[in-house]
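Student: Quick note, the sequences are listed as chains L and Z, same order.
Counting from 1, one number per residue, gives the positions in the first sequence under this note's numbering.
Counting from 414, one number per residue, gives the positions in the second sequence under this note's numbering.
Beta carbons are placed, not taken as given, at the ideal position from N, Cα and C, and that holds for glycine.
Owing to the predicted nature of the structure, the values given are computational and were not obtained by experimental measurement.
Number of protein chains: 2
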Amino acid sequence: MDLVKFKGFTFVEGGICAPHGFRAAGIHCGVRKNKEKRDLALIAAEHSCAAAAMYTRNKVKGAPIAVTKKHLENGTARAVIVNSGNANTCNADGVEKANQMCKATAAALKIPEDEVIVASTGVIGEPLPIEPIVKGIPTLARALSTEGSEQAAEAIMTTDTVKKELALSFSLDGVNCTVAGIAKGSGMIHPNMATMLCFLTTDVAIGAVLLKKALTQVVDETFHMVSIDGDTSTNDMVSCMASGDADMKPITSAEDPRYAVFVNALYVLLMNLSRAIAADGEGATKLLECTVTDAPDRATARRVAKSVITSSLFKAAMFGADANWGRILCAIGYTEGSFSIDKVAVTLKSEKGTLPVCQNGSGVPFQETKAKRILEADEIKILISLGGGDCSAIAWGCDLTYDYVKINGDYRT
Amino acid sequence: MDLVKFKGFTFVEGGICAPHGFRAAGIHCGVRKNKEKRDLALIAAEHSCAAAAMYTRNKVKGAPIAVTKKHLENGTARAVIVNSGNANTCNADGVEKANQMCKATAAALKIPEDEVIVASTGVIGEPLPIEPIVKGIPTLARALSTEGSEQAAEAIMTTDTVKKELALSFSLDGVNCTVAGIAKGSGMIHPNMATMLCFLTTDVAIGAVLLKKALTQVVDETFHMVSIDGDTSTNDMVSCMASGDADMKPITSAEDPRYAVFVNALYVLLMNLSRAIAADGEGATKLLECTVTDAPDRATARRVAKSVITSSLFKAAMFGADANWGRILCAIGYTEGSFSIDKVAVTLKSEKGTLPVCQNGSGVPFQETKAKRILEADEIKILISLGGGDCSAIAWGCDLTYDYVKINGDYRT
């Protein structure tokens, strides 16, 4: 998967420690049996930050979400503690243990408990082993460094095969700023009003309310347009801490032109993280990017794009590099919205070429050998014109493979 | 998969020819390359029947659906012609070819063209080879017999591994009546206001309007509660022809007590066909039956039951006989509806035993070996209590397997 780049926004090294004011670390503490796998991550800011978060809309919510929500009521935070290997969800003692994680973190960093954001990811419904976490936190705090982003990104991975860590540098009125994030997929991914786990840092000076506004707007165009398997997780969370350490006057209004630039930076970052998550979906061999244009309204464009990338039949066809475009039409057709199938056009595209397959709702003859060649690439673009309107949307997904079934047939052992 | 039986309703031999007044046949005509596979089916009534049908709500509709809709405007029909191997959908000449199928059938049976119900199933978006069909229809008409149900059931199969054919006998005020059907799955199955292909016959005397009412009511409780892969097909159709050949006065009102018995008979038949379709879903090794009780309303019960049986993660866990009940809670949690997760209870059950896994939204300890043994059965019941209300619903699905991916990675060749 290649990064999608935009002029004026530059990807830089350093991950979540690239913005001024943050350190990070990741260790193996023992939640997971495999000692090679880090399972506990910490991000710490030098001082209290403006902070905002979004959470899953699943009615079943991980215990850490309840605790984090409470801690972010005042719009500030100074640290993020996360374990992988266990979701701390659907357990009677979940909130108690999430609080213990915050307490241990606060003690190690000498900060108030309500300055801690807490998250967990892994199996649902098994009691969280709290001892290794509480024991590990002091070690983790000692390991904090400005080179720790990679370790933290590794520690939050579950079935991910690639760590997701990006930092983006851009200019606000001549001041160099950075926004960065680490994220994890890669199953139970169909974010609704929130996302999989993603922790963002930035040195932009911006208040919690505006930060939340920007985050909400961008997540809606990025993580909310990703689906691996249609299953909205119980533990989705994206948080952002803004240190304000860039040499700038704070952004205090959405009318400030710098706000729009910050939103754009956030979009470039989260869009690329979204692509990374989709490309590394459980068992995936291909990234699917579906762009819907000429739609009567934005909601319809979004629904059609997501309908196509969530269709099991279409996903399996992409695994087989089979240009079975009838399944795209089928998935378009069962989407709610007011548009005419007779005007729909579909084109399949990859670095290997471009293949129009449908015009005016009917098939266009094509060479199967050419189709196969195009679909054997590891990133496939599906371009859909609904032929009536000027709204558009992009969604990201992946193919459905043997390995998806293998991974999920026996996830707990 | 065992048949679910009810007192007073008896399964009998003969399929769609068991009711008085019907003959059927199925042949290989050449739409499919494999000469061993029948691909053209005909059901013919001795005289004009009251008839009703329901169709897919997908915006992309197979051409045969437009033609059948028109033909059923007068509420009567005398024959059903169906091919497998090609869906005759998303082709510019689709309606023309569907009309040709009706014309050839009408000529062979010496009946009016608008007495013919036409359907197609198979690949979407490839032109229908009409020549073998038109050529085959006279042969097919000559092959009609009261022993032909099995051949017809075979001819409509696509990726089905088992033919679906059932006939049910019951008494209406002492008069022996029969209702019967053939159906096909087994991919692109997530019926919405209609179903996969299913053709029903009965000798009950009932008008088209009441027949449609009964069909609508029962399909809503049966086929609409089935999902194999979440993909609502473009060619779903269920039709019923009522010959009235049973020795009875016609049912002319829904208040007639015999109407309720007929609806029950239709329910027993379609519920068993629904189970058969789910059990034979593409690549499936297990039938999943999810029963939701104690729900605040019927719509919520239905949504929760369907949410669980459509979750890819849960389906894959069932393939692996892994009691990962957190995924059930997750799928319940992302369902729309007003209920409290803290009251949810979940039990897994099969012929091998019963396993409560969740009470009040939290886990109940269980033995993994016992869980494995229960989940290795080929029919798994998932019993969910929402703990508040007295509404319920049942949905049917299947596990997600390597073979599903294999079948759909390269369906067109």
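If you draw a straight line from the alpha carbon of residue 267 of chain L to that of residue 146 of chain L, how long is it in whole angstroms?
Tutor: Between residue 267 of chain L and residue 146 of chain L, the C-alpha separation is close to 24 Å.
Student: If you drop the 5 nearest sequence neighbours on each side, which residues of the same chain put their C-beta closer than 7 Å to that of residue 598 of chain Z?
Tutor: Around residue 598 of chain Z: 573, 609, 641, 690, 693 and 694.
Student: Can you name the residues of chain Z whose CB is closer than 9 Å to the CB of residue 22 of chain L?
Tutor: Going along chain Z, no residue has its Cβ under 9 Å from residue 22 of chain L, so there is no contact; the nearest lies around 32 Å.
Student: Which term fits residue 660 of chain Z, buried or exposed, when burial requires 16 or more other beta carbons within 10 angstroms of its beta carbon?
Tutor: Burial call: exposed.
Student: Taking only the alpha-carbon atoms, compute the straight-line gap between residue 104 of chain L and residue 134 of chain L and give it to the nearest angstrom.
Tutor: Rounded to whole angstroms, residue 104 of chain L to residue 134 of chain L spans 6 Å at the Cα level.
Student: Relative to the C-alpha of residue 596 of chain Z, which residue among Z/670, Z/626, Z/663 and Z/683 is closest?
Tutor: Nearest of Z/670, Z/626, Z/663 and Z/683 to residue 596 of chain Z, Cα basis: Z/683.
Student: Could you check which residue in Z/806, Z/735 and Z/431 has the C-alpha nearest to that of residue 786 of chain Z?
Tutor: That would be Z/735, whose Cα lies nearest to the Cα of residue 786 of chain Z.
Student: Between residue 223 of chain L and chain Z, is any beta-carbon pair separated by less than 8 Å?
Tutor: So no, residue 223 of chain L is outside the interface.
Student: Would you mind sorting residue 452 of chain Z into buried or exposed? The rule is 16 or more other CB atoms within 10 Å of its CB.
Tutor: Flag for residue 452 of chain Z reads buried.
Student: Counting only the same chain and skipping the five closest in sequence on each side, list residues whose C-beta sits under 6 Å from that of residue 527 of chain Z.
Tutor: Only 484 meet the Cβ criterion.
Student: Give the range of the beta strand (DSSP E) segment to which residue 455 of chain Z is assigned.
Tutor: Segment 453-468, the beta strand (DSSP E) holding residue 455 of chain Z.
Student: Output, in chain order, the set of chain L residues within a Cβ distance shorter than 8 Å of residue 503 of chain Z.
Tutor: Within 8 Å Cβ-Cβ: 326, 329, 358, 361, 362 and 363.
Student: List the residues of chain Z whose Cβ lies closer than 8 Å to the Cβ of residue 135 of chain L, in chain order.
Tutor: In chain order: nothing, as chain Z lies at least about 24 Å away.
Student: My output table needs one value for residue 176 of chain L: the three-state DSSP class, helix, strand or coil.
Tutor: Strand, per DSSP.
Student: Identify the continuous alpha helix (DSSP H) that holds residue 445 of chain Z and give its terminal residues.
Tutor: Segment: none, residue 445 of chain Z is in no alpha helix (DSSP H) and carries neither H nor E.
Student: Under 8 Å, Cβ to Cβ, is there at least one residue of chain L near residue 539 of chain Z?
Tutor: So, interface residue.
Student: Nearest CA to the CA of residue 552 of chain Z: which residue from Z/532, Z/539, Z/520 and Z/719?
Tutor: Per the Cα distances, Z/520.
Student: Within its chain, find whatever has a CB closer than 7 Å to the CB of residue 716 of chain Z; leave out the 5 residues flanking it on each side and keep chain order.
Tutor: Excluding sequence neighbours, residue 716 of chain Z sits near 748, 749 and 750.
Student: List the DSSP bridge partners of residue 650 of chain Z.
Tutor: Paired residue(s): Z/468 and Z/610.
Student: Pick out whichever of Z/799, Z/790 and Z/766 has its Cα sitting closest to the Cα of residue 779 of chain Z.
Tutor: When only C-alpha atoms are compared, the closest one is Z/766.
Student: Check each candidate in L/46, L/212, L/235 and L/200 and name the one with the smallest Cα separation from residue 124 of chain L.
Tutor: Checked all of L/46, L/212, L/235 and L/200; the closest Cα to residue 124 of chain L is L/235.
Student: Using a beta-carbon distance below 8 Å, is residue 308 of chain L in contact with chain Z?
Tutor: Judged by the 8 Å Cβ criterion, residue 308 of chain L is not in contact with chain Z.
Student: Please return the same chain residues whose Cβ sits closer than 7 Å to the Cβ of residue 847 of chain Z, not counting the five positions on each side in sequence.
Tutor: It is not possible to answer for residue 847 of chain Z, since the shown part of chain Z is limited to 414 through 826.
Student: Is residue 492 of chain Z close to chain L, meaning its C-beta is less than 8 Å from at least one C-beta of that chain?
Tutor: No, residue 492 of chain Z lies away from the interface with chain L (no Cβ there is under 8 Å from its Cβ).
Student: Are residue 394 of chain L and residue 332 of chain L touching if we call contact CB-CB under 8 Å?
Tutor: No. Outside cutoff.
Student: Leaving out five residues before and five after residue 756 of chain Z in sequence, what residues of the same chain have Cβ atoms less than 6 Å from its Cβ?
Tutor: Contacts found: 800 and 801.
Student: Report yes or no: do three or more beta-carbon pairs, one from the segment 576-593 of chain Z and one from the segment 450-467 of chain Z, lie closer than 8 Å?
Tutor: Contact between the segment 576-593 of chain Z and the segment 450-467 of chain Z is absent, because fewer than three Cβ pairs lie under 8 Å.
Student: If you draw a straight line from the C-alpha of residue 326 of chain L to the C-alpha of residue 501 of chain Z, how long is it?
Tutor: Near 11 Å, if we compare the C-alpha coordinates of residue 501 of chain Z and residue 326 of chain L.
Student: Given that residue 188 of chain L touches chain Z, what residues does it touch there, using C-beta distances under 7 Å?
Tutor: In chain order: 726 and 743.
Student: According to DSSP, is residue 829 of chain Z part of a helix, a strand, or is it coil?
Tutor: An answer regarding residue 829 of chain Z cannot be provided, because it is not within the stretch 414 to 826 covered by chain Z.
Student: What's the gap between the Cα of residue 671 of chain Z and the Cα of residue 664 of chain Z?
Tutor: Each residue's alpha carbon lies about 7 Å from the other.
Student: Do you know whose CA, among Z/522, Z/523, Z/491 and Z/532, lies nearest residue 508 of chain Z's CA?
Tutor: If we check each option's Cα against that of residue 508 of chain Z, Z/532 comes out closest.
Student: I need the DSSP call for residue 359 of chain L, collapsed to helix, strand or coil.
Tutor: Strand, per DSSP.
Student: Strictly below 7 Å CB to CB, what residues from chain L border residue 732 of chain Z?
Tutor: Within chain L, the residues near residue 732 of chain Z are 405 and 409.
Student: What's the gap between the Cα of residue 329 of chain L and the Cα of residue 701 of chain Z?
Tutor: Using only the alpha carbons, I get a separation of about 29 Å.
Student: Taking 8 Å as the threshold (beta carbon to beta carbon), is residue 59 of chain L in contact with chain Z?
Tutor: Closer than 8 Å: yes.
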